[in-house]
Amino acid sequence: MHREVNTLGTKAADAAIAVEVVAMKAELEKMREQLQNVE
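Below is the structure:
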């Protein structure tokens with residue numbers, strides 16, 4: 563998922579999309595931390 567979000571951010575020419583990509587990366591990081599806590 564992280565790779566897909568990075569690709570989207572790279573191809574996005576619109577600043578509004580770039581802001582959303584940053585938000586998605588933050589959410590993905592939260593998910594990663596939660597998954598690490600499960601183990």
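Numbering (this note's numbering), first residue to last: 563 to 601. All C-beta atoms in this analysis are idealised placements derived from N, C-alpha and C, irrespective of residue type, glycine included.
Whole-Å CB distance - residue i paired with residue j, under 8 angstroms assumed
| i | j | result |
| --- | --- | --- |
| K587 | V567 | 6 angstroms |
| L570 | V584 | Wrong, their Cβ atoms sit about 11 angstroms apart, outside the cutoff. |
| M563 | L590 | 6 angstroms |
Start-to-end residues for the alpha helix (DSSP H) that takes in residue i
| i | result |
| --- | --- |
| M593 | A577 to V600 |
Close-in-space but distant-in-sequence residues of the same chain around residue i (CB under 8 angstroms, 5 per side omitted)
| i | result |
| --- | --- |
| D576 | none |
Sequence-distant residues of its chain with Cβ nearer than 6 angstroms to residue i (five each side left out)
| i | result |
| --- | --- |
| K574 | Note that residue 574 is Ala in the sequence shown, not Lys. Only A580 meet the Cβ criterion. |
| M593 | none |
| R565 | none |
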